[in-house]
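Participant: Residue numbers (this note's numbering): 164 to 428. In this text, a Cβ means the ideal position worked out from N, Cα and C, and glycines have one as well. Note that the structure is a prediction, hence the values are computed from the model and not measured.
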Ligand code: IP8
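What follows is the structure, encoded as structure tokens:
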């Protein structure tokens with residue numbers, strides 16, 4: 164399961180979480196676990212990552228003598244460590260809510276075990292293998308070290324969740340819980356009506372998504388679709404669901420009617 168950053172954080176306010184949404188999502192994760200299904204959680208960064216990373220151009224890697232007068236940090240190196248800390252803070256908010264509903268949680272911060280970028284980033288996924296549905300392994304989009312002149316870069320949660328889905332055994336579904344939309348839409352979200360939801364997407368279907376490249380340092384909806392499609396091609400069910408209505412996730416897994424988008428292989 165991927166919790167989108169725009170779902171779990173307030174978009175324009177740096178480092179503010181949407182606590183009620185996180186609590187509702189964690190309650191649904193608990194119901195899923197009570198059904199005997201184990202979940203691995205990957206969460207995005209939202210305003211705990213993208214705003215500062217964008218200001219310091221961390222997605223472009225190391226830029227000699229980069230400055231940002233008036234900012235709370237004074238170098239890219241300092242920004243890297245602040246964004247890593249901010250992500251640990253967001254993670255701890257989510258972990259606390261998972262523990263409150265009764266999970267045992269194991270967090271794996273990517274800057275401690277992953278290097279390089281994109282869907283073939285390096286790092287062993289061994290520590291995510293576990294078959295106990297009361298344990299949730301958690302990881303998240305992060306700033307990781309890169310083995311070339313860039314020195315560091317942004318590893319998106321969408322790349323993490325794709326590798327986990329493709330490489331761990333017995334994964335049945337990959338669910339992207341998103342904020343503000345019911346799934347993929349035929350027209351831009353602000354003019355969409357209920358009829359504009361794309362229920363089944365394959366590469367020949369056009370979609371419109373809002374990619375806020377002014378604040379987003381990873382790939383927005385386009386990256387989700389690319390990674391989702393890669394995973395769907397291996398026979399795993401891939402779904403986009405509005406995380407503000409988390410009961411739809413339960414309906415999907417219980418094979419009841421649900422609203423959202425299925426990514427076809
Ligand atoms: O929100 C981005 O992860 P994403 C991570 O999953 C940072 O793409 C630190 C901006």
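Let me know the beta strand (DSSP E) ranges lying completely inside the region 360 to 426, each 3 residues or longer, listed in chain order.
Facilitator: 400 to 405 and 424 to 426
Participant: Is residue 252 helix, strand or coil by DSSP?
Facilitator: Residue mapping note: residue 252 aligns to position 89 of the chain shown, counting from 1. Looking at residue 252 - three-state DSSP - the assignment turns out to be helix.
Participant: Which of the three DSSP states is assigned to residue 341 in this structure?
Facilitator: Within the chain shown, residue 341 is the residue found at index 178, counting from 1. Looking at residue 341 - three-state DSSP - the assignment turns out to be strand.
Participant: What does DSSP give as the partner residue(s) for residue 313 in the beta ladder?
Facilitator: Looking up residue 313 in the chain shown gives position 150. DSSP lists no partner for residue 313.
Participant: Measuring only from the beta carbon, is residue 380 closer than 7 Å to any heavy atom that is part of the ligand IP8?
Facilitator: The residue you call residue 380 lines up with position 217 of the chain shown. Yes, the Cβ of residue 380 comes within 7 Å of a heavy atom of the ligand IP8.
Participant: Specify, as a first and last residue, the run of the beta strand (DSSP E) that residue 204 falls within.
Facilitator: Along the chain shown, read from residue 1 onward, the residue named residue 204 stands at position 41. Element bounds for residue 204: 203 to 206.
Participant: Using a 10 Å radius around the Cβ and a threshold of 16 neighbouring Cβ atoms, would you call residue 316 buried or exposed?
Facilitator: Position 153 of the chain shown, counted from the start, is the residue given in the question as residue 316. Residue 316 is buried by the Cβ-count criterion.
Participant: From the DSSP secondary-structure annotation, give me the bridge partner or partners of residue 336.
Facilitator: Reading the chain shown from its first residue, position 173 is the one you call residue 336. BP columns for residue 336 point to 400.
Participant: Less than 7 Å separating the Cβ of residue 180 from some heavy atom of the ligand IP8?
Facilitator: As a first step, residue 180 is located in the chain shown; it is residue number 17 there, counting from the start. Checking every heavy atom of the ligand IP8 against the Cβ of residue 180, none is found closer than 7 Å.
Participant: In the structure shown, what three-state DSSP assignment does residue 324 receive?
Facilitator: Here residue 324 corresponds to residue number 161 of the chain shown, with the count starting at 1. Helix.
Participant: If you measure between the beta carbons of residue 250 and residue 284, is that distance less than 8 Å?
Facilitator: In the chain shown, counting from the first residue as 1, residue 250 sits at position 87. In the chain shown, counting from the first residue as 1, residue 284 sits at position 121. Cβ atoms of residue 250 and residue 284: not closer than 8 Å.
Participant: Would you be able to state if there are at least three C-beta pairs under 8 Å between the region 232 to 252 and the region 196 to 204?
Facilitator: no
Participant: Using the beta-carbon count (16 or more within 10 Å), is residue 350 buried or exposed?
Facilitator: To locate residue 350, count along the chain shown from 1; it is residue 187. Exposed: under 16 other Cβ atoms inside 10 Å.
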